[in-house]
Amino acid sequence: MSQPPKISRRDLLKSGGSAVTLTIASGVTLMAFGGSEVQGAADAGKRWGLLIDVNKCAKDCTACITACQDENGWKGHGNRETDAQWIRKVTLKNKATGHETAMPVMCQHCEKPPCVDVCPTGASFKRKDGIVLVDKHICIGCRYCMMACPFKARSFVHEPTNNQSVNAPRGQGTVESCTLCVHRVDKGQIPACVEACDATGNGAMIFGDLKDPESEISKRLAEFPSVALRGDLELNPGVRYAEL
Amino acid sequence: MERTIYREIPATGALWAVAALLIAFIAGAAASVIYVEHHGHIATGMNNQVVWGIPHVFAIFLIVAASGALNGASIASVFGQAPYKPIARLSAVLAMSLLIGGLAVLVLDLGRPDRLLVAMTTYNFSSIFAWNIYLYTGFLAVVATYLAVQMSRVDYAYVRGVGTVAFLWRLALTTGTGSIFGWLVARPGYDAAIMAPLFIAMSFSFGLAVFILVLVTLFRISGRKVGGALCHRLGGLLGIFAATVLYFTAVQHLTALYAAKHAGFERFILLEGGHFTWMFWLLQVVVGGLIPIALIYVPRMRNNPAEPILASILVIIGGLAQIYVIVVGGQAYPMDIFPGYEASSSFFDGEVARYSPTLPEFALGLGGVALALLAVGLAAKILRILPTNLLDANLPAND
Numbered sequence: 004m005s006q007p008p009k010i011s012r013r014d015l016l017k018s019g020g021s022a023v024t025l026t027i028a029s030g031v032t033l034m035a036f037g038g039s040e041v042q043g044a045a046d047a048g049k050r051w052g053l054l055i056d057v058n059k060c061a062k063d064c065t066a067c068i069t070a071c072q073d074e075n076g077w078k079g080h081g082n083r084e085t086d087a088q089w090i091r092k093v094t095l096k097n098k099a100t101g102h103e104t105a106m107p108v109m110c111q112h113c114e115k116p117p118c119v120d121v122c123p124t125g126a127s128f129k130r131k132d133g134i135v136l137v138d139k140h141i142c143i144g145c146r147y148c149m150m151a152c153p154f155k156a157r158s159f160v161h162e163p164t165n166n167q168s169v170n171a172p173r174g175q176g177t178v179e180s181c182t183l184c185v186h187r188v189d190k191g192q193i194p195a196c197v198e199a200c201d202a203t204g205n206g207a208m209i210f211g212d213l214k215d216p217e218s219e220i221s222k223r224l225a226e227f228p229s230v231a232l233r234g235d236l237e238l239n240p241g242v243r244y245a246e247l
Numbered sequence: 057m058e059r060t061i062y063r064e065i066p067a068t069g070a071l072w073a074v075a076a077l078l079i080a081f082i083a084g085a086a087a088s089v090i091y092v093e094h095h096g097h098i099a100t101g102m103n104n105q106v107v108w109g110i111p112h113v114f115a116i117f118l119i120v121a122a123s124g125a126l127n128g129a130s131i132a133s134v135f136g137q138a139p140y141k142p143i144a145r146l147s148a149v150l151a152m153s154l155l156i157g158g159l160a161v162l163v164l165d166l167g168r169p170d171r172l173l174v175a176m177t178t179y180n181f182s183s184i185f186a187w188n189i190y191l192y193t194g195f196l197a198v199v200a201t202y203l204a205v206q207m208s209r210v211d212y213a214y215v216r217g218v219g220t221v222a223f224l225w226r227l228a229l230t231t232g233t234g235s236i237f238g239w240l241v242a243r244p245g246y247d248a249a250i251m252a253p254l255f256i257a258m259s260f261s262f263g264l265a266v267f268i269l270v271l272v273t274l275f276r277i278s279g280r281k282v283g284g285a286l287c288h289r290l291g292g293l294l295g296i297f298a299a300t301v302l303y304f305t306a307v308q309h310l311t312a313l314y315a316a317k318h319a320g321f322e323r324f325i326l327l328e329g330g331h332f333t334w335m336f337w338l339l340q341v342v343v344g345g346l347i348p349i350a351l352i353y354v355p356r357m358r359n360n361p362a363e364p365i366l367a368s369i370l371v372i373i374g375g376l377a378q379i380y381v382i383v384v385g386g387q388a389y390p391m392d393i394f395p396g397y398e399a400s401s402s403f404f405d406g407e408v409a410r411y412s413p414t415l416p417e418f419a420l421g422l423g424g425v426a427l428a429l430l431a432v433g434l435a436a437k438i439l440r441i442l443p444t445n446l447l448d449a450n451l452p453a454n455d
């Protein structure tokens, strides 16, 4: 994502003359045109996913959320309406039976992500391994992806950011969401939320390669029933829920 | 009758006063942009639930009205109605001005307006937004050409040809704008093909209302005269278009009401949505629809010379309310991510979202309106787009 800028003369000419370019030169130097480092690290032979066992998710536990905040540095400013939430705990009460349960919801890393379809600049993109990301260098902050996401998974950075985490650079005026801890996954590690969930002993989250039939996640999905959120939309999300 | 003569409007005191007022609003918008740029969108009332707010209501209104402002020109050159020919130039100029005003608001509300260059060089063609960038800039080019051929001494067949392209382009443009919402599968208030024709009907109505007011104002401040028959003719059209908007709105909601899965959203907008419900019934339907239609068609009211002006003002109020209900109401109602469950979370799952617009949002939106109006006034001042005389005796008759 943080590849140094490569702007050809043609790009500059295309972009409307030197006067305009000079005015916004600071923006230009930050630009990265497609084919970013993060895309290059992806392996098309894999599709990363999460399986969340709702029965094992303890109602009052927020370990996954805290871990995500620490890892990616998106702590709020105390304003619930505008603070970013990459992962949240949703309490669900069955309307017919009254049974109550709670589970984490984050970017569902869809195979056919509506946020990618609607993004005018291609800043919302899906890696070859199925991880859906925002290229912070070309996000113009139009928020159309937030209108399109069926899971409320995305947040807009409403305030200046400081004390950022090196793992996930953030930018005021751009949109962000769960990266499935792509920086860890590319190093062969598991996402911070899954690690934290394991550490609590609940073990409600399993991370793995959905394309590998021998992976734990694939075996569990094959053996036990699970659901995708908004299955009616046929988006084939990479995040699945069991025991819901 | 005399020949239709187009002349620049004179620099009257009233003209300068209006220009100064408009510039003040534009300065207000500039201050708002700098303020929001510095502090972030926290300075607005928009949040992670209602991501598009008042600036988008104004921007969409202006963009939709831009397409409709071309009515006068289209009727003259595409549908061959001679009485509309003298207003065709103003119609083209107003269409461009409104679009520029709307786009300015849209662009300046971006989280990163400095990256406009990125939006112009990096495209994702599966996005209707990206297509709209072409539809909007193309519209400006086509209408500018249309104006140029109208103002030059070319064979009228060229005017008709370019006018037809402009007419088709404006239908595409408004289809694109309506589809921004129509193609959103996630939210119950959108995801409907009717958004495209509904927006086209809205453009016909809102654009004509703005056109009537701009025409009358420009003539008044430049000391020229508009005949009652032309105004009533335009008012008659406005009545038809306002009724068409009501028709599409009725179909939109009746269709949704029939589907059980949309019942919740319909109950929200039509019955229990608080200010959204009031804005829908009172402002959109009654003030913006039924009253102007009555003003135009009820014989006793029709004879009032101010009727088309009053009807236009009401249509604009109703239009802004309608776009607010579509844009903000559609986001405020919670998405049903977990069918069969009552959801709650710290991120407002299952709750109606709150939105309290702030002054910078209104300043930006009104600045866009002022920019559009200033542009059209400036054009009338330096270009020969307004006829010197629009009295009824001077209107060309159909062949």
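Here the protein sequences come in this chain order: A and B.
Going by the numbering used here, the first residue of the first sequence is number 4, and it counts up by one from there.
Going by the numbering used here, the first residue of the second sequence is number 57, and it counts up by one from there.
For each residue, glycine too, the CB sits at the ideal point set by N, CA and C.
- Pairing residue 305 (chain B) with residue 254 (chain B), the inter-Cα distance amounts to about 7 angstroms.
- Along the region 413-424 of chain B, none of the residues has a CB nearer than 7 angstroms to a CB of chain A.
- Contact annotation: in the region 124-146 of chain A, residues whose CB is within less than 9 angstroms of a CB in chain B are 124, 125, 126, 127, 128, 140, 141, 142, 143, 144, 145 and 146.
- Distances from the alpha-carbon of residue 228 (chain B) to those of B:114, B:240, B:393 and B:251 put B:251 closest.
- Sequence-distant Cβ neighbours of residue 376 (chain B) in its own chain, meaning closer than 6 angstroms and more than five residues away, are 117.
- With its beta carbon at least 7 angstroms from every one in chain B, residue 164 (chain A) lies outside the interface.
- One finds 241 and 242 in chain B with Cβ atoms closer than 9 angstroms to the Cβ of residue 236 (chain A), taken in chain order.
- For residue 97 (chain A), the secondary structure class from DSSP, reduced to helix, strand or coil, is strand.
- The closest CA to that of residue 226 (chain A), considering only A:218, A:233 and A:127, is found on A:218.
- By the CB criterion at 7 angstroms, residue 284 (chain B) and residue 361 (chain B) fall inside the cutoff.
- For residue 218 (chain B), the closest C-alpha among the options B:341, B:231 and B:200 is that of B:200.
- Residue environment for residue 185 (chain B): buried (at least 16 other C-beta atoms within 10 angstroms of its C-beta).
- For chain B, the residues of the region 86-99 of chain A that bring a beta carbon within less than 9 angstroms of one of its beta carbons are 86, 87, 88, 91, 92, 93, 94, 95, 96, 97, 98 and 99, in chain order.
- A Cβ-Cβ distance of about 6 angstroms is found for the pair residue 92 (chain B) and residue 100 (chain B), placing them in contact under the 8 angstroms criterion.
- Against chain B, the CB of residue 148 (chain A) has no partner CB under 7 angstroms away; the residue lies outside that interface.
- Counted as a single uninterrupted DSSP element, the beta strand (DSSP E) harbouring residue 243 (chain A) occupies residues 242-245.
- Burial state of residue 334 (chain B) is exposed, judged by a 10 Å Cβ sphere holding fewer than 16 other Cβ atoms.
- When DSSP states are grouped into helix, strand and coil, residue 124 (chain A) belongs to the coil group.
- Contact check for residue 54 (chain A) against residue 193 (chain A) fails: the beta carbons are separated by 7 angstroms or more.
- Around the CB of residue 79 (chain B), fewer than 16 other CB atoms lie within 10 Å, so the residue is classed as exposed.
- Sequence-ordered contacts of the region 295-312 of chain B with chain A are nonexistent [C-beta pairs closer than 7 angstroms].
- If you look at residue 285 (chain B), you'll find it in the alpha helix (DSSP H) that goes 284-314.
- Between the beta-carbon of residue 124 (chain B) and that of residue 235 (chain B) there is about 17 angstroms, and that puts the pair past the 8 angstroms contact cut.
- Nearest to residue 357 (chain B) by C-alpha distance, out of B:127, B:291, B:318 and B:220, is B:291.
- The C-beta of residue 158 (chain A) comes closer than 7 angstroms to at least one C-beta of chain B.
- Contacts between residue 83 (chain A) and chain B, judged by CB atoms closer than 7 angstroms, involve 402 in chain order.
- Within chain B, the residues placing a beta-carbon under 7 angstroms from that of residue 151 (chain A) are 240 and 242, ordered along the chain.
- DSSP places residue 401 (chain B) inside the beta strand (DSSP E), whose first and last residues are 397-401.
- Residue 80 (chain A) is classed as exposed because its beta carbon has fewer than 16 other beta carbons within 10 Å across all chains shown.
- Interface residue (Cβ-Cβ distance to chain B less than 7 angstroms): residue 122 (chain A) is classified as such.
- Residue 105 (chain B) and residue 72 (chain A) have their C-alpha atoms roughly 20 angstroms apart.
- Non-local C-beta neighbours of residue 68 (chain A) in its own chain, meaning closer than 6 angstroms and more than five positions away in sequence, comprise 90, ordered along the chain.
- When rounded, the separation of the alpha-carbon atoms in residue 280 (chain B) and residue 141 (chain A) is 50 angstroms.
- When the alpha-carbon of residue 98 (chain A) is set against those of B:137, B:164 and B:396, the nearest one is in B:396.
- A straight line joining the alpha-carbon of residue 407 (chain B) with that of residue 84 (chain A) spans about 12 angstroms.
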